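Here's the structure we're looking at; comments come further down.
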Amino acid sequence: MLDFRIIDISDKDRICSCLEKSDFQGCEYSFANNMAWRRLSNSRIAFYKNFYISCAFDTDDNIPVFLFPSGEGNYKEVIDEMKLYAESLGKPLKISGVTKKALELLNSLYSGEFTVEYDRDSSDYIYNSSDLINLSGRKYHQKRNHLSKINQYNWNFSVMTESDFDECIEFSALNYNGKNGIDDFSSVAEQFAINTFFTNFREFGLFGGVIRIDNKVRAFTIGERLNSDTLCVHIEKADTSYQGIYPAINNQFCKAFAGNFRYVNREEDMGIEGLRKSKLSYNPAYILEKNTVIFK
């Protein structure tokens, strides 16, 4: 039987080994993300042979949601183990983050044994890194115009170092305190995630960028190498009272770090209309479609 427990920094090498073997492009397949967001849905982890499994236990329908396992070996064995664990709780096996390729595998192993629901809100936006760096062509004309508005301010961008952490955390806290829905659990979980990223910045292998206006932090972003060809942006915060600041932090961060990657994953939109509109405005190369599978 699978043995689930809280993720710990000591799990990094084993988990990252499994993630590297799968080379998945979904933002869930990040040790840093799994550590940082563990409180959002009471996530726990387990291992089965050479597979890594994450499961969210606090869900709207009270059915634990397993992430499609990463690693290598016999996928039927590991999924059968997941089924046994779910059945021991009196629940059906529910798996999220199932991409087209993973769905093909499940169909080959369990044809007709599960239902599939497309999860648009959790699907990731994947961009060509060259597009976000250069913002070339007519499709980015409006974005370039918006970006240029940052030049009315006394601003500068710098690569994030440890000396920036305290000021960025303070900026994040002010941003959190000043918005509506301050007591919303997802907002609280985000603050925990941000602090986890900063606390383990070096151990996670993260990199970041900061924009200061008049020598004060007004935007920052944090990301990491997600797989062999993709950079993933985990956090992006900016003071929207400054015009052009979001395009600026995105563009400057990509110029600093995305050149060594083919793609940039800017994660999902969570079904938030404004966020979806913003992510689509950057003309993604494609949307990494994810499905949720429930076994009968």
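Numbered according to this note's numbering, the sequence shown spans residues 1035 to 1330. C-beta: ideal position from N, C-alpha, C; glycine also. Fair warning: this is a prediction, and the values are worked out from it, not measured in the lab.
A contact is defined here as three or more CB-CB pairs under 8 Å, and the region 1315-1326 fails this definition with respect to the region 1197-1213. Uninterrupted alpha helix (DSSP H) stretches at least 4 residues long and entirely within the region 1096-1141 occur at 1109-1122, given in chain order. For Lys1250, the enclosing beta strand (DSSP E) starts and ends at 1250-1259.
For the pair Val1267 and Tyr1161, the CB atoms are not nearer than the 7 Å cut-off. Taking a contact as a CB-CB distance under 8 Å, the pair Ser1077 and Asn1068 counts as one, their CB atoms being some 7 Å apart.
Taken through DSSP and simplified to helix, strand or coil, Leu1143 comes out as helix. For the beta strand (DSSP E) assignment, the uninterrupted runs of no fewer than 3 residues enclosed by the region 1191-1248 are, from N- to C-terminal side, 1241-1247. A straight line joining the alpha-carbon of Leu1074 with that of Tyr1280 spans about 25 Å.
Beyond the five residues adjoining it in sequence on each side, His1180 comes within less than 6 Å, by CB distance, of Gly1278, Pro1281 in the same chain, given in chain order. Excluding the 5 residues flanking it on each side, Ala1090 has same chain C-beta neighbours closer than 6 Å at Ser1075, Ser1077, Val1099, in chain order. Phe1191 and Glu1121 have their C-alpha atoms spaced approximately 52 Å apart. Lys1271 sits in a strand when the DSSP states are folded into three classes. Distance between Glu1054 and Glu1301, taken at the CA atoms: about 19 Å. Residue state for Leu1322 is assigned as strand, using DSSP reduced to three classes.
Distance from the Cα of Glu1224 is smallest, within the candidate group Ser1044, Leu1123, Ile1269, Phe1291, for Ile1269. Rounded to whole angstroms, the separation of the alpha carbons of Ser1088 and Ile1113 is 12 Å.
The beta-carbon distance between Ala1070 and Phe1231, rounded to whole angstroms, is 6 Å. This is short enough to meet the 8 Å contact definition.
A straight-line Cα-Cα distance of about 27 Å links Arg1072 and Leu1139. Runs of beta strand (DSSP E) with 3 or more residues, each lying fully within the region 1278-1312, are found at 1297-1299, listed in chain order. Rounded to whole angstroms, the separation of the alpha carbons of Lys1046 and Asn1261 is 15 Å. The beta carbons of Ala1066 and Glu1196 sit no closer together than 7 Å.
With 16 or more other CB atoms across the displayed protein chains lying within 10 angstroms of its CB, Asn1285 is buried. If you ignore the 5 residues before and after Gly1131, its C-beta comes within less than 6 Å of the C-beta of Gly1060, Glu1062, Leu1101, Phe1102, Lys1324, all in its own chain and listed in chain order. Exclusion of the five residues before and after Ser1156 leaves Glu1302, Lys1324 as the residues of its chain whose Cβ lies within less than 6 Å of its Cβ. Between Thr1255 and Phe1226 a beta carbon distance of about 18 Å is seen, past the 8 Å cut, so the two are scored as non-contacting.
In its chain, beyond the 5 residues on either side, Ser1075, Asn1076 have a beta carbon closer than 6 Å to the beta carbon of Asp1092. About 5 Å separates the CB atoms of Met1194 and Val1244; that is less than 8 Å, so the two are in contact.
In this structure, Asp1248 sits near Asn1188, with a CB-CB distance shorter than 7 Å.
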